[in-house]
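Since the structure comes first, as structure tokens, the remarks are kept for the end.
2 protein chains.
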Amino acid sequence: MRIGELARRAGVDVQTVRYYEREGLLDAPARTPSGYRAYGPAHLERLRFVRHCRSLDMALADIRRVLALAREASVACDEVNQLVEAHLARVRARRQALERLEQQLEALRAQCANGQRIAGCGILQELIHAAQGEACACHVEGAR
Amino acid sequence: MRIGELARRAGVDVQTVRYYEREGLLDAPARTPSGYRAYGPAHLERLRFVRHCRSLDMALADIRRVLALAREASVACDEVNQLVEAHLARVRARRQALERLEQQLEALRAQCANGQRIAGCGILQELIHAAQGEACACHVEGAR
DNA sequence: GCTTGACTTTATACCGGCTACAGGGCCTGC
DNA sequence: GCAGGCCCTGTAGCCGGTATAAAGTCAAGC
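Heads up: the protein sequence lines correspond to chains A and B, in order.
Here this note's numbering is used: the first residue of the first sequence is 972, the next is one more, and so on.
Here this note's numbering is used: the first residue of the second sequence is 972, the next is one more, and so on.
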């Protein structure tokens, strides 16, 4: 099959397929006499694998590593486990950060009702006030 | 004060200060005879404001807009409110997506204990299996 | 006066994960 | 023979910085 069909069947853009090839996530396929890429079912399977990993928000470098490991059946799989574990830790940290951020933004939103003018906008006042209290954390002179 | 002191007092990198100037978030300061940037207290206040907004993960374009609006005291502040509201919605959506992702990754992690070999790694098998079930959502032929 | 080192200047490239565009070639159907 | 759709390569843009190079400036110490 040609690149358009492959892309359509995996639900990705044609450009993305070429990008993955450049990045070493898809093997370069055979070419037709006119230079078109000619893919087989294995390429589709690989592409779907990559997309599934991406849907889990794994980095391309991590996916590349998993693909490399997957080729060596007899090696211990600890590295795969660690990779997933580390990724989970990052996702969890980010989720927690976003939770805190969400609370801050909810508090900020509550500072102003519609119909105000800029001069009396509670949101702006709060933003300015909070910024003033925020020196560089590593260099607070009055503290201690 | 010069750029190094400004950056240190705001807790940012010197490069970042110049970047913000290029991006129109900080006014270009006066220059000393030798071409060094010379900042006043207002610049520091502005920089801290920008950094506070960034700590709320606001986009630079949004911050630029807020700064522009802040200059016009008598205009209605609805746009500020909408901006915060839209940002909150994005943060919330992202947080929820990460929550789902976290659960998926936890389930994935549970598929394999350490000490396995690649050939028997539950995580890899699950990744491969899940990828196979994932055609393009917009073009499932057997469904219906 | 000369050197050292810390600071500053501009310009340019890089990161991830695509996405878009330009300028061409190929192929099929009418 | 030509219109339209597909494909090719190469390049640039997005975001919010970060990193590098090569050069200029300035104060302190010898």
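The C-beta atom is built at its ideal place from N, Cα and C for all residues, glycine as well.
Secondary structure remark: continuous alpha helix (DSSP H) runs of at least 4 residues inside the segment 1011 to 1057 of chain A, in chain order: 1012 to 1026, 1031 to 1041.
The segment 988 to 999 of chain A makes contact with the segment 1014 to 1033 of chain A: 3 or more CB pairs, one atom from each, lie closer than 8 Å. Identification of residues in the segment 1032 to 1052 of chain A having a C-beta nearer than 7 Å to some C-beta of chain B yields L1040, A1041, E1043, A1044, S1045, V1046, A1047, C1048, D1049, V1051, N1052, given in sequence order.
If you compare the alpha carbons of V985/A, L1027/A, A1013/A with that of Y1007/A, the shortest gap goes to V985/A. Just so you know, the alpha carbons of A1041/A and R1088/B end up roughly 10 Å apart. In the DSSP assignment, G975/B falls within the unbroken alpha helix (DSSP H) covering 974 to 981.
For the pair L1079/A and I1094/A, the CB atoms are nearer than the 9 Å cut-off.
A1009/B is bridged by DSSP to A1001/B. About 6 Å separates the beta carbons of E1073/A and R1066/B, which is inside the 8 Å limit, making them a contact pair.
Annotation: Cβ neighbours of D1028/A in chain B (cutoff 7 Å, chain order): L1072.
Burial check for R1022/A: the Cβ neighbour count within 10 Å reaches 16 or more, so the residue is buried.
In the DSSP assignment, I1094/A falls within the unbroken alpha helix (DSSP H) covering 1093 to 1103. For H1014/B, no CB of chain A lies under 9 Å from its own CB, so it is not counted at the interface with that chain. The straight-line gap separating the alpha-carbon atoms of G1011/A and Q1075/A is approximately 51 Å. Interface residue (Cβ-Cβ distance to chain A less than 9 Å): G1011/B is not classified as such. R1088/B has A1047/A as its beta-bridge partners, per DSSP.
Taking a 10 Å sphere around the C-beta of A978/B, we find 16 or more other C-beta atoms and assign the residue as buried. At least one CB of chain A lies nearer than 9 Å to the CB of L1076/B. With a threshold of 16 other beta carbon atoms within 10 Å, N1052/B meets it and is buried.
At a beta-carbon threshold of 8 Å, the residues of chain A lying near V1062/B are L1069, L1072, E1073, L1076, ordered along the chain.
Separation of R993/A and E1097/B (C-alpha to C-alpha, rounded to the nearest whole angstrom) is 27 Å.
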